[in-house]
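The structure under discussion appears below in the form of C-alpha cells.
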Amino acid sequence: MDISLQSIEYRYQANTPFERLAIKDVSIEIPTGTYMALIGHTGSGKSTVLQHLNALLLPTEGTVVIGDHKVKAKQKNKNLRQIRQKVGIVFQFPEHQLFEETVEKDIIFGPMNFGVSEADAKERARLALQQVGLSKEILEKSPFDLSGGQMRRVAIAGVLAMEPDCLVLDEPTAGLDPRGRKEIMDMFYSLHKERNLSTILVTHSMEDAAKYADQIVIMQQGHVVKQGTPIEIFSSVSELVEMGLDVPEVVRFQRSIEEKLGVKLGATYLSIEELSSAVTELLRGAPV
Amino acid sequence: MMEKMIIGRYVPAESLVHRMDPRSKLIIIFLFVCVIFLANNFFTYALIGIYTFLMLGLSRIPFRFLYAGLKPVLWLVLFTLLLQVFFTKEGSLLYEFGPIKIYEEGVRQGIFISMRFFFLILMTSLLTLTTTPIEITDGLETLLNPLKKVRFPVHEMALMMSISLRFIPTLMQETDKIMKAQIARGVEFSSGPVKERIKAVIPLLIPLFVSSFKRAEELAIAMEARGYRGGEGRTKYRLLSWKLADTLQLLILAILTILLILLRS
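Line by line, the protein sequences are chains A and B.
Residue numbers are given in the working numbering: position 65 of the first sequence equals residue 65, and the series is strictly consecutive.
Residue numbers are given in the working numbering: position 81 of the second sequence equals residue 369, and the series is strictly consecutive.
As C-alpha cells, then:
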C-alpha cells in the first residue's frame, strides 16, 4: 500500500492563543515495501507526521494519500476506519493501552473492532503472540500481572493481530533492555520482509536506522531537512553533527580509521562486516 | 475536542490583572459573587456589565478566544433563559400560543438571571485565565490561614489542590494519547450507537486509572524521598506581595457596591 504525504501542514489548537505550528510543507513518499526511518530531535514534528499516517490527525493544509484513500485538509473525511485497519500504529510505551482482563481478550480487541470473527481473532492472537516471542500460556493471564517487557510485547501483538498492511512504529523499544530491543527490532524486520509491509520507524537510534531502513527522513523544527538512503545520509557526517544528531558507531569508526591512516575508503559502510572486509582489502592492497 | 475548553486554563500575558496579587483577585471574585445579587434592574445590571467588561479589557485576553472557549457554557445560559421565560407565571400576559404562555415577569427574570449567570462565568473564568494554579493555591492558603486555629488542615488542602491542578494537563495529555491508541485499534469514540459509545469508554478509563494510581504512588515516594513533612516550618519560594493596584481594585469594587445599593430598586 503506497502512502504519500503531499505538502502537509498541521497546527495544534488552531485559532487560539495556544496555536502552534507543528509541521509545515512536509512531503514524504512511502511506496509499498519501504522501510523508512524518521529521525529528528524531540519536538521536531516526528510524532505529528506519524499520526497523519493513520488519520488520527487530519492535516490543516495539504493532502495525505493512504492506498486508495485520500485525506484532504478542510474537508469532511469519511471512511477513516478503513484507513486505520490498514495502518497499525505501535505508540510509544504501548503497554499503557492494555485494559482487558486477559492477554487474549486484549489482543483480539483490535481485530474484533474491525469485524474479524472471534474464532479467527483468537487464531490471530496465538500467531501474534508467537511472533512477539511469548508463549501461549500467558493468554489467560491478566496483562497487569506481566513484567514491563512482556506487557510491551502483548501490546505489540495486539497491533500485529490486526494484520495491517503498514506498520508505524513510534520508538517501539524505548526503555527495553538491549536484548529485548534487538529481538523486537529483528521481529519487525522479518515481518516487514515476509508480508511485504510498509514500515515507518520513528527512532533516536541511528544504529537501528542504519541497520533496517531503506530510506531515512530527517526532520528539524517541523520541516523535512534531508531525505535519502542510509548510505547517502550517513556519508555526510559533519552535516549530521551540525544538526546535533548522532552517527552510527560503524560510520564513526570508519571516519577515525580514515583520519588515522590518512586514507579514504571508497564508500560509507553501515555494518561491521562490510567495514572490516573493506579495511582488510585496503590493508592487503596497501604497500607495506 | 478538549483543546477548546478554557475553563480552568491559564493564558500567560502581561496585563494589570495578571500582575495582581492572587489574594486580592480571590477576595474580589468572592465579593463579586455576593454583590451581583444586589442587581435587580436595568441600571444595576448595566453597571455590572460595564465592570465585567472593564476587567476583561484590562486582562488583555483576546475576546475571540474567550468567546470560542465559553460557547458551550453559553448554551447553558440560553437554557436558563428559556426555562425562566416559559415557566414563570407572573406579571401581565405578553404572548399566548396554545399551551405556551409567556409573561412579562418571566422575560424580565429570564434576562436578568441569565445575565447574572453570564457575568459570573466571565469573572470566574477571568480569575483562572489570569492566575496560575499555583498562585491561586498560594493565595487560598494564605487567606485560609486563620482557620488553622480551629485545626482545619489548610496546608494539606492547598497541597491537594495544587497537586490536582498540576496534574490536569498531564491527565488530559494521557487521555489524548490513550484515546488515539484505542482509535488506532478500531474504537469509535465520536460516532456509532450510544450503547457502543458508552462501551468505548472502558478501554479509555481503565488505562487512565491504572496510570493515575501508578503516578500517585510514584509522587508519594518522590515526596517521601525528598523529606516532605507537611506544612510545619515550611518557607515559600514565591512570596505574595500586595500592591497599590490591588487596593485600587478593591476600592473600585467598593464603589461598584455602593452604586449598586443606591441604584437598585
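The C-beta atom is built at its ideal place from N, Cα and C for all residues, glycine as well.
Note that the structure is a prediction, hence the values are computed from the model and not measured.
Query: Proximal residues of chain B, C-beta to C-beta of P17/A below 9 angstroms; Result: V299, P300, A301, I349, P350 and F353
Query: Residues near S347/B in its chain [Cβ-Cβ closer than 8 angstroms; skip 5 each side]; Result: A301, S303, L304, V305, H306, L414, L417 and T418
Query: Beta-carbon proximity check, A157/A vs V116/A, cutoff 7 angstroms; Result: no
Query: Continuous alpha helix (DSSP H) stretch holding V241/A: start and end; Result: V237 to E242
Query: Inter-residue spacing [alpha-carbon to alpha-carbon] between Q75/A and L362/B; Result: 27 angstroms
Query: Helix, strand or coil at S135/A [DSSP, three-state]; Result: coil
Query: I108/A at chain B interface by Cβ criterion, 7 angstroms; Result: no
Query: Chain B contact residues for P178/A, given Cβ-Cβ distances below 7 angstroms; Result: Going along chain B, no residue has its Cβ under 7 angstroms from P178/A, so there is no contact; the nearest lies around 25 angstroms.
Query: Minimum Cβ-Cβ distance from H192/A to chain B less than 7 angstroms; Result: no
Query: Residue range of the unbroken beta strand (DSSP E) whose run includes A22/A; Result: R20 to I30
Query: Per-residue burial, P31/A [other beta carbons within 10 Å of its own, 16 or more giving buried]; Result: exposed
Query: Meets three-Cβ-pair contact criterion under 8 angstroms: the region 221-241 of chain A and the region 56-71 of chain A; Result: no
Query: Distance between beta carbons of Y35/A and T199/A, contact taken as under 8 angstroms; Result: 5 angstroms
Query: Chain-ordered neighbours of Q470/B on chain A, where CB pairs are closer than 8 angstroms; Result: Q97
Query: G266/A classed as buried or exposed, judged by whether at least 16 other C-beta atoms fall within 10 angstroms; Result: exposed
Query: Close Cβ partners of L134/A (< 6 angstroms) along its chain, the five nearest in sequence each way excluded; Result: R153
Query: Residue from G244/A, G33/A, R84/A and E274/A with nearest C-alpha to Y189/A; Result: G33/A
Query: C-alpha gap between I525/B and G427/B, whole angstroms; Result: Looking at the sequence provided, one finds Tyr at residue 525/B rather than Ile. When rounded, the distance between both Cα atoms is 14 angstroms.
Query: Close Cβ partners of I390/B (< 8 angstroms) along its chain, the five nearest in sequence each way excluded; Result: V373, F374, L381, L382, Y383 and E384
Query: Backbone secondary structure at H96/A - three-state DSSP; Result: helix
Query: P164/A versus R181/A - alpha carbon distance; Result: 22 angstroms
Query: Burial state of T280/A (16 or more Cβ within 10 Å); Result: exposed
Query: Closer than 7 angstroms to chain B by CB, V279/A; Result: no
Query: Segment contact, 8 angstroms Cβ cut-off, at least three pairs: the region 516-533 of chain B with the region 485-497 of chain B; Result: no
Query: CB-CB length for K264/A against E273/A, believed under 8 angstroms; Result: Not really, about 20 angstroms apart at Cβ, beyond 8 angstroms.
Query: Residue closest to S205/A, alpha-carbon to alpha-carbon, out of D145/A, I218/A, A55/A and L146/A; Result: I218/A
Query: Per-residue burial, L541/B [other beta carbons within 10 Å of its own, 16 or more giving buried]; Result: buried
Query: Sequence-distant residues of the same chain with beta carbon closer than 7 angstroms to P111/A, five excluded per side; Result: A121, R124, A161 and M162
Query: Y516/B (DSSP reduced to helix, strand or coil); Result: coil
Query: Within chain A, the residues that V475/B reaches when beta carbons sit closer than 8 angstroms; Result: N113
Query: Helix, strand or coil at R307/B according to DSSP, with G and I counted as helix; Result: helix
Query: Inter-residue spacing [alpha-carbon to alpha-carbon] between P143/A and V225/A; Result: 41 angstroms
Query: Test: N79/A CB closer than 7 angstroms to a CB of chain B; Result: no
Query: Euclidean distance between Cα positions of H41/A and L245/A; Result: 8 angstroms
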